[in-house]
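Note sheet for the following structure.
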Amino acid sequence: KDQRVNFGFMDRFIVDENFAVAKALEKQIPKKPKRNNTIASKFFHKTSCYTCPTCGNGLLTKMMNERKLIELMTNGVTIVDPETTWISEDTEIGQDTIVYPSTYIEGKNKIGKACKIGPFAHLRGGVEICDNVKIGNFVEVKNSFVGDGTKACHLAYVGDCDIGKGCNIGCGAIFVNYNGRSKNRTVVGDNCFIGSNSNIIAPVKIESNTYICAGTTITNDVKEDDFVIGRVRQEVKENRAHNYLKEKKESK
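Sequential numbering of the sequence shown, starting at 375, is according to the numbering used here.
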């Protein structure tokens with residue numbers, strides 16, 4: 375029977391029978407079909423389902439993704455823009471978590487309660503995120519554990535690491551997990567500050583309550599309460615900038 379879905383963004387009928395029909399008709403679709411020239415195309419354009427594969431999008435994939443999003447929203451997860459959000463079937467998400475637009479979550483993952491994911495976030499599988507965590511825009515997380523209250527708000531790569539509670543992962547921070555031959559892990563304790571544009575080269579261990587200054591490259595273990603800075607000291611050449619700037623032509 376038809377099941378009515380009232381989520382605003384998908385105010386349409388989802389017909390269970392259509393899924394079986396779609397699966398059968400998909401086999402008839404050529405690899406590079408012309409637009410609207412197959413039986414499947416004519417059928418699905420007359421229904422309330424998603425755009426058919428002949429128009430460039432995978433129908434079955436979108437149908438399965440839609441069902442997953444409905445399941446999550448029914449259980450208290452907020453999906454801001456379902457049309458641009460993709461979440462794998464094997465991903466668990468806790469109540470009151472918000473998933474922002476253009477987020478892609480693949481593989482098997484577990485996300486806690488009251489988290490904020492995205493926009494433009496990418497979880498690549500093997501990820502466990504605890505409660506009240508922020509994974510912001512253009513942050514990629516792979517095969518990692520992220521503790522309660524930790525924030526990686528923008529432009530960071532968190533790969534093969536275990537991060538404790540209450541940490542701040544600055545903009546542009548990279549957990550360097552691959553040396554060209556093998557993957558290595560990084561361990562970060564609780565209440566750590568990882569400054570912007572830092573490189574954490576695994577394998578290393580950063581103990582709790584440490585401060586990594588922006589622009590620092592970490593290659594050795596860091597002990598608790600250490601303040602680490604490792605970057606080239608700023609050097610100023612006064613009244614020299616004009617030698618390097620292009621002269622601006624005066625406007626007539």
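Note that CB positions come from ideal geometry on N, CA and C, so glycine has one too.
query                                                                                                                                                       : result
Short of 6 Å in beta carbon distance, which residues of its chain neighbour G544, apart from the five on each side in sequence? Order them along the chain. : I568, G569, S570
I'd like the ranges of any beta strand (DSSP E) spanning at least 3 consecutive residues and lying wholly in the region 474–537.                            : 483–485, 501–503, 508–516, 525–533, 535–537
To the nearest angstrom, how far is it from the Cα of E466 to the Cα of G492?                                                                               : 16 Å
Does the Cβ-Cβ distance between C541 and C504 come in under 8 Å?                                                                                            : no
Measure the C-alpha to C-alpha separation of K416 and S476 and round it to an integer number of angstroms.                                                  : Bear in mind that the predicted position of K416 carries a pLDDT of just 41, short of 50, making it too unreliable to give a figure here.
In angstroms with no decimal places, state the Cα-to-Cα distance between W460 and G523.                                                                     : 24 Å
For K358, tell me which candidate among N517, V454, G538 has the shortest Cα-Cα distance.                                                                   : Examination of residue 358 is not possible in this model, given that the chain is present from 375 through 626 alone.
Assuming T584 and V602 make a contact with CB atoms under 8 Å, what is their CB distance in whole Å?                                                        : 7 Å
Hey, P577 and N558: beta-carbon distance below 8 Å or not?                                                                                                  : yes
Quick one: measure Cβ to Cβ for F512 and V532, integer angstroms, because I've assumed they're closer than 8 Å.                                             : The Cβ separation is near 12 Å, so there is no contact.
At which residue ranges does the region 529–589 contain complete alpha helix (DSSP H) runs of 4 or more residues, listed in the order of the chain?         : none
In whole angstroms, what separates the C-alpha of D564 from that of E463?                                                                                   : 31 Å
Can you grab the Cα-Cα spacing for the pair E445 / S556, in whole Å?                                                                                        : 38 Å
Buried or exposed for E609, please, with buried defined as at least 16 other CB atoms from any protein chain shown within 10 angstroms of its CB.           : exposed
May I have the straight-line CA-CA distance separating G486 from Q469, to the nearest angstrom?                                                             : 8 Å
For E514, which residues in the same chain have their Cβ closer than 6 Å to its Cβ, ignoring the five residues on either side in sequence?                  : H496, Y531
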